[in-house]
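If you're matching them up, the sequences are chains U and X in order.
Taking the working numbering, the leading residue of the first sequence gets 1262, the next gets one more, and so forth.
Taking the working numbering, the leading residue of the second sequence gets 1262, the next gets one more, and so forth.
Just so you know, even glycine gets a beta-carbon here, dropped at the ideal spot from N, CA and C.
To keep things clear, I will list the structure first and then write my remarks on it.
Number of protein chains: 2
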Amino acid sequence: MPLAAGQARQLLKALADPIRIQVVEALGGGERCVCELTAELGLAQSKLSFHLKVMKEAGLIEAREEGRWTYYHLQPELLGQLGAWLASLACQASRIPALTCGSS
Amino acid sequence: MPLAAGQARQLLKALADPIRIQVVEALGGGERCVCELTAELGLAQSKLSFHLKVMKEAGLIEAREEGRWTYYHLQPELLGQLGAWLASLACQASRIPALTCGSS
DNA sequence: CTTTCTAATCAATTAACTTTGATCTGTTTG
DNA sequence: CAAACAGATCAAAGTTAATTGATTAGAAAG
């Protein structure tokens, strides 16, 4: 059982936003501090901070404080579990063997 | 390249709702008509209709009309692609080999 | 052809989420 | 310790999404 529906919902909501997708993709390249993210994505500090909070509360990302900087990184387990949850739904709806239905 | 970020966003938004997750799970068990879904989920007809529309516009589900009934079913390809997109993000963030990173 | 049934749509309300600018806290530097 | 910096937080405003009840359209049955 990969993930409860309630937690899946919170993760999906935390991902279902263009800015937050950009953040996830940026963090896919490795840990970033907030100042790097504001520069890379061209966002106001407080706006980014809001979105980081939503993502952190969903468990999608984690913060690491170092001096006066805060570094964020993806929390890959939950992302993977969400992917598996979706893949298993897709598999229920069609028996395409390439999709690793509910196994592992 | 599993899925564009923009389409992923629309799919995620279409999934990020408790009612719509219930619908997806119900449709995971196979095609259902609207009247069955209203009964199973205990929803007002117009409320369900609204959510079905959101999901259909995202490409998550498809409708099939038959007489005076409309049957809905999952569109497994997009679900699978979304799962793959998430899994590849998870893989970027950690080299857990069990997650089929970007392959196939 | 009128009634009934399924389901979509619409307008109005309500609720949820985002953005913005300001302020506040903690950290480093001079 | 004062100034500068990184970030979080907050309240107000703006925007988007969801709920509700009523209406509408098409299909089947009487």
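- Message: If I follow the unbroken beta strand (DSSP E) through U/R1325, where does it start and stop?
- Response: Position 64 of the first sequence, counting from 1, holds the residue named residue 1325 of chain U. Note, U/R1325: beta strand (DSSP E), I1322 to E1327.
- Query: In whole angstroms, what separates the C-alpha of X/E1318 from that of X/Q1271?
  - Reply: Position 57 of the second sequence holds residue 1318 of chain X. Position 10 of the second sequence holds residue 1271 of chain X. Near 9 Å, if we compare the C-alpha coordinates of X/Q1271 and X/E1318.
- Task: On a CA-only basis, which of U/S1310, U/G1289 and U/W1346 is nearest X/Q1353? Give me that one, please.
- Result: Walking along the second sequence from the start, residue 1353 of chain X turns up at place 92. Considering only alpha carbons, the answer is U/G1289.
- Query: Just by C-beta distance, which residues in the segment 1329-1351 of chain X are closer than 9 Å to chain U?
  - Reply: H1334, L1335, Q1336, P1337, E1338, L1339, L1340, G1341, Q1342, L1343, G1344, A1345, W1346, L1347, A1348, S1349, L1350 and A1351
- For the candidate residues U/I1280, U/P1337, U/S1349 and U/Q1342, whose alpha-carbon lies nearest to that of U/S1310? If you number the first sequence from 1, residue 1310 of chain U lands on position 49. The option with the nearest alpha carbon to U/S1310 is U/I1280.
- So, are the CB atoms of X/L1313 and X/Y1333 less than 8 Å apart? The residue given as residue 1313 of chain X occupies position 52 in the second sequence. The residue given as residue 1333 of chain X occupies position 72 in the second sequence. In contact: X/L1313 and X/Y1333 (Cβ atoms closer than 8 Å).
- Would you mind working out which of X/A1300, X/L1273, X/A1265 and X/I1282 sits nearest U/A1265, comparing C-alpha positions? Residue 1265 of chain U sits at position 4 when you count from the first residue of the first sequence. Between U/A1265 and the set X/A1300, X/L1273, X/A1265 and X/I1282, the nearest pair of CA atoms involves X/I1282.
- Item | Helix, strand or coil at X/L1304 [DSSP, three-state] | Within the second sequence, residue 1304 of chain X is the residue found at index 43, counting from 1. Look at X/L1304 here: in three-state DSSP terms it is coil, with no helix or strand label.
- Message: I'd like the span of the alpha helix (DSSP H) that includes X/L1350, first residue to last.
- Response: Your numbering for residue 1350 of chain X matches position 89 in the second sequence. Per DSSP, the unbroken alpha helix (DSSP H) holding X/L1350 starts and ends at P1337 to A1354.
- Task: For the alpha helix (DSSP H) containing X/L1276, list its first residue and its last residue.
- Result: Position 15 of the second sequence, counted from the first residue, corresponds to residue 1276 of chain X. Segment A1266 to L1276, the alpha helix (DSSP H) holding X/L1276.
- Task: Could you tell me the boundaries of the alpha helix (DSSP H) in which X/E1292 lies?
- Result: Position 31 of the second sequence, counting from 1, holds the residue named residue 1292 of chain X. X/E1292 -> no alpha helix (DSSP H), and no H or E assigned at all.
- Task: For U/L1273, return the contacting residues in chain X, with the cut-off set at a CB-CB distance below 7 Å.
- Result: Position 12 of the first sequence, counted from the first residue, corresponds to residue 1273 of chain U. Ordered by position in chain X, the residues that pass the 7 Å Cβ test against U/L1273 are L1273, L1276 and A1277.
- Report the residue from U/G1291, U/G1303, U/L1302 and U/A1348 whose alpha carbon sits nearest the alpha carbon of U/P1337. Here residue 1337 of chain U refers to the residue found at position 76 of the first sequence. The shortest Cα separation from U/P1337 among U/G1291, U/G1303, U/L1302 and U/A1348 belongs to U/G1291.
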